[in-house]
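Novice:
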Amino acid sequence: MSWLLLVAAGLVEVAWSQSIRPTAGFTRLVPTLVCVVLAAGSVYLLSLAMRTLPVGTAYAVFTGIGAAGAISLGVLVHREPVSLGRIAALCLIVGGVALARATTSDG
1 MSWLLLVAAG
11 LVEVAWSQSI
21 RPTAGFTRLV
31 PTLVCVVLAA
41 GSVYLLSLAM
51 RTLPVGTAYA
61 VFTGIGAAGA
71 ISLGVLVHRE
81 PVSLGRIAAL
91 CLIVGGVALA
101 RATTSDG
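Just so you know, my numbering puts 39 at position 39 of the sequence shown, and the rest follows in order with no gaps.
Right under this line is the structure:
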């Protein structure tokens, strides 16, 4: 269950990362409220996962999911440039998350 909560936290973090730009520097009320709710939700889910998972592993996986998701959505949705370096970074992030999962006992 902890790993499902952690994946959910990471996915909400991806949504949060995408909700920042529409706030226009936190000058637009509704997008800012959405951004704050998503940020709080991701941290709340992360805190639930950390009840049984090691803090370092949980945080590394959480930020890894967020980074991989942000890069992926940037390329797919926002048409950000694809480069060999970005692809390599994404592979390293995904590999690191998989390794962290494989070497951590379930909580």
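Even for Gly, the Cβ is constructed at its ideal location relative to N, Cα and C.
Answer with buried or exposed for Leu76, where buried requires no fewer than 16 other C-beta atoms within 10 angstroms of its C-beta.
Specialist: Exposed.
Novice: Report the start-end ranges of each alpha helix (DSSP H) in the segment 16 to 60 that is 4 residues or longer and not cut off at the edges.
Specialist: Fully enclosed alpha helix (DSSP H) runs of 4 or longer: 29 to 49.
Novice: If I'm right that Ala98 touches Leu46 with Cβ under 8 Å, what's the distance once you round it to whole angstroms?
Specialist: Not a contact, Cβ separation roughly 19 Å.
Novice: With Val94 as the anchor, note down where its alpha helix (DSSP H) starts and where it stops.
Specialist: Element bounds for Val94: 84 to 102.
Novice: Please classify Phe62 as buried or exposed, where buried requires at least 16 other C-beta atoms within 10 Å of its C-beta.
Specialist: So Phe62 ends up on the buried side.
Novice: Taking the straight line between their C-alpha atoms, what separation do you get for Val12 and Gly41?
Specialist: When rounded, the distance between both Cα atoms is 7 Å.
Novice: With distance defined between alpha-carbon atoms, name the residue in Gln18, Trp3, Leu4, Met1 nearest to Gly69.
Specialist: Considering only alpha carbons, the answer is Gln18.
Novice: In this structure, does DSSP put Glu80 in helix, strand or coil?
Specialist: Coil, per DSSP.
Novice: Determine, using beta carbons only, whether Ala49 and Leu6 come nearer to each other than 7 Å.
Specialist: Yes.
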